[in-house]
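Peer 1: So that we are looking at the same thing, I have put the structure below in structure tokens.
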Amino acid sequence: MIYFEQDKIFAVKKSEKTEIIMTKTELEAFLAVLQYGSISAAAERLFITQPAMSRRMKSMEEELGYSLFERGRGQRSVELTENGKEFVPVAERLLTLYREAEEIPRRKKSPLLRVSTVNSIAFYLMPAVLKEMMSARDTCSIEFKTGRSSDIYGYVENGSVDVALVSDLLNSRRIVPFPVFREPFVFAGGESWRETGRVTPDMLDPEEQIRLPWNPEYDIWHSRWFLPDANPSLTADKMEFLEYFLNGKKWAVIPLLVARRFKRQDVWICPMEGGPEDMTIYGLTKENRMDDQIRRFFQCVREELQMIDGIELFSGR
Numbered sequence: 008m009i010y011f012e013q014d015k016i017f018a019v020k021k022s023e024k025t026e027i028i029m030t031k032t033e034l035e036a037f038l039a040v041l042q043y044g045s046i047s048a049a050a051e052r053l054f055i056t057q058p059a060m061s062r063r064m065k066s067m068e069e070e071l072g073y074s075l076f077e078r079g080r081g082q083r084s085v086e087l088t089e090n091g092k093e094f095v096p097v098a099e100r101l102l103t104l105y106r107e108a109e110e111i112p113r114r115k116k117s118p119l120l121r122v123s124t125v126n127s128i129a130f131y132l133m134p135a136v137l138k139e140m141m142s143a144r145d146t147c148s149i150e151f152k153t154g155r156s157s158d159i160y161g162y163v164e165n166g167s168v169d170v171a172l173v174s175d176l177l178n179s180r181r182i183v184p185f186p187v188f189r190e191p192f193v194f195a196g197g198e199s200w201r202e203t204g205r206v207t208p209d210m211l212d213p214e215e216q217i218r219l220p221w222n223p224e225y226d227i228w229h230s231r232w233f234l235p236d237a238n239p240s241l242t243a244d245k246m247e248f249l250e251y252f253l254n255g256k257k258w259a260v261i262p263l264l265v266a267r268r269f270k271r272q273d274v275w276i277c278p279m280e281g282g283p284e285d286m287t288i289y290g291l292t293k294e295n296r297m298d299d300q301i302r303r304f305f306q307c308v309r310e311e312l313q314m315i316d317g318i319e320l321f322s323g324r
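Reminder that position 284 of the sequence shown reads as 291 in this note's numbering, one-by-one numbering, no gaps.
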């Protein structure tokens, strides 16, 4: 059981008849140490002294009853113990709960909708969708964040996200993913590719590739055509700057929605012969929840996509 009192979180373990008292300040300090890599760097960012930061970490360890950090002479960067690694997601959830508790008096009367999507959807589809939702007269407050598909399943399961769009179909006992739309992969290359007129996988040099993590089906296609020891020219997990690297013979295989947002005229886009299986984007809600705001979200997604040639929309929801 967890309950709040002023700036403290109490986690009561009935079986052991003990209380773990965790303050918001301690949780923020612990996560800051992880973010900035050392106690001294975290202390500087939080505008406290290093001894004060060290005391907070020691206090947390005493309350928990186990060490969070490995300690060794001359060790400059932090290294978590096994218990410390397992505590990280717990600390994140506790801090989220605390902040939600703080927000109760300040919440607007309008409902809150918490949305999460994979990065490609976030950058290339969500601006228009969220703008449309925010323009409605009966609008809700929206919280939006991105993540990997595996992380987003966790967000929906633990209740920190209400509705999500992901590119991976994963097993979950509490979530039943449902298809929302399907889009093809297309070829994108520098200007020198234009004269070829068509592109097939056997024409591609893997060492000229700009590779991004799209979905498992893309990985299967990639491993079928290219040897594992062929290193791409660039491997990245952020696609916002993809088009700026597509010069000369550089190339990438990308979803249609991503290609439509390219601004450079000298990047050649064409259908991919023998390309990856079309990518399906799945919707997630906790325990099949479907209230008015979630229905409105999927309606806005479909309205944005229905005018795009090549996008297949699934019915329902």
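We put the beta carbon where it would ideally sit given N, CA and C, even for glycine.
Just to confirm, is the Cβ distance from residue 262 to residue 127 under 8 Å?
Peer 2: In contact: residue 262 and residue 127 (Cβ atoms closer than 8 Å).
Peer 1: Per DSSP, what kind of secondary structure is residue 211 in: helix, strand or coil?
Peer 2: Note: residue 211 maps to coil in three-state DSSP.
Peer 1: Can you grab the Cα-Cα spacing for the pair residue 39 / residue 60, in whole Å?
Peer 2: Residue 39 and residue 60: Cα-Cα distance of roughly 10 Å.
Peer 1: Can you tell me whether residue 37 is buried or exposed, with buried defined as 16 or more other CB within 10 angstroms of its CB?
Peer 2: By the neighbour-count rule (16 or more Cβ atoms within 10 Å), residue 37 is buried.
Peer 1: State buried or exposed for residue 302, treating a residue as buried only when at least 16 other CB atoms are found within 10 Å of its CB.
Peer 2: When all chains shown are included, residue 302 counts as exposed.
Peer 1: Can you tell me where the alpha helix (DSSP H) holding residue 128 begins and where it ends?
Peer 2: Its alpha helix (DSSP H) spans residues 126-131.
Peer 1: Around the C-beta of residue 159, are 16 or more other C-beta atoms found within 10 angstroms, so that it is buried, or is it exposed?
Peer 2: Buried is the call here.
Peer 1: Taking only the alpha-carbon atoms, compute the straight-line gap between residue 85 and residue 186 and give it to the nearest angstrom.
Peer 2: Approximately 42 Å, taken between the alpha carbons.
Peer 1: With DSSP run on the structure shown, which of helix, strand or coil describes residue 232?
Peer 2: Helix.
Peer 1: How many Å lie between residue 299 and residue 176 at the Cα?
Peer 2: Approximately 25 Å, taken between the alpha carbons.
Peer 1: Could you check what DSSP says for residue 321 in three-state terms: helix, strand or coil?
Peer 2: Here residue 321 sits in coil by DSSP.
Peer 1: Taking the beta carbon of residue 72 as the centre, do at least 16 other beta carbons fall within 10 Å, making it buried, or is it exposed?
Peer 2: Flag for residue 72 reads exposed.
Peer 1: Rounded to whole angstroms, what is the Cα-Cα separation between residue 182 and residue 110?
Peer 2: Roughly 27 Å between the two C-alpha positions.
Peer 1: Please identify the residue among 131, 312, 107, 62 whose C-alpha is closest to the C-alpha of residue 168.
Peer 2: Measuring from the Cα of residue 168, the nearest candidate turns out to be 107.
Peer 1: Helix, strand or coil, according to DSSP, for residue 206 in the structure here?
Peer 2: Three-state DSSP puts residue 206 in coil, outside helix and strand.
Peer 1: Which two residues bound the contiguous beta strand (DSSP E) that contains residue 291?
Peer 2: Residues 286-292.
Peer 1: According to DSSP, simplified to helix, strand and coil, what is residue 274?
Peer 2: Looking at residue 274 - three-state DSSP - the assignment turns out to be coil, as it is neither helix nor strand.
Peer 1: Check whether the stretch 196-212 touches the stretch 143-155, taking contact to mean three or more Cβ pairs, one atom from each stretch, closer than 8 Å.
Peer 2: Contact between the stretch 196-212 and the stretch 143-155 is absent, because fewer than three Cβ pairs lie under 8 Å.
Peer 1: How would you call residue 91, buried or exposed, if buried means at least 16 neighbouring beta carbons within 10 angstroms?
Peer 2: Classification of residue 91: buried, given that the 10 Å Cβ count is 16 or more.
Peer 1: Give the single residue among 148, 104, 100, 45 whose Cα lies nearest to the Cα of residue 121.
Peer 2: Residue 121 has its Cα closest to that of 148, out of 148, 104, 100, 45.
Peer 1: According to DSSP, which residues form a beta bridge with residue 152?
Peer 2: Residue 152 is bridged to 123.
Peer 1: Is it the case that the stretch 207-219 contacts the stretch 233-253, given that we only count it when at least three CB pairs across the two stretches are under 8 Å?
Peer 2: At 8 Å Cβ cutoff, the stretches touch.
Peer 1: For residue 291, which option in 281, 280, 305 has the closest C-alpha, if you only look at C-alpha atoms?
Peer 2: Per the Cα distances, 305.
Peer 1: Consult DSSP for residue 143 and reduce its assignment to one of helix, strand or coil.
Peer 2: Correct three-state label for residue 143: coil.
Peer 1: Can you check which of these residues, 233, 99, 311, 234, is closest to residue 31 by C-alpha distance?
Peer 2: Closest by alpha carbon: 99.
Peer 1: If residue 197 sits next to residue 293, beta carbons under 8 Å apart, how far is it from one beta carbon to the other, in whole angstroms?
Peer 2: Contact doesn't hold; Cβ gap of about 44 Å is too wide.
Peer 1: Who pairs with residue 306 in a beta bridge, going by DSSP?
Peer 2: None, per the DSSP bridge assignment.
Peer 1: Measuring alpha carbon to alpha carbon, tell me which residue in 316, 322, 317, 307 is nearest residue 132.
Peer 2: Closest option to residue 132, Cα to Cα, is 307.
Peer 1: Between which residues of its own chain and residue 279 is the CB-CB distance below 7 Å, once the five residues before and five after are set aside?
Peer 2: Counting only Cβ-Cβ distances below 7 Å, and skipping sequence neighbours, we find 192, 193, 194, 206, 260.
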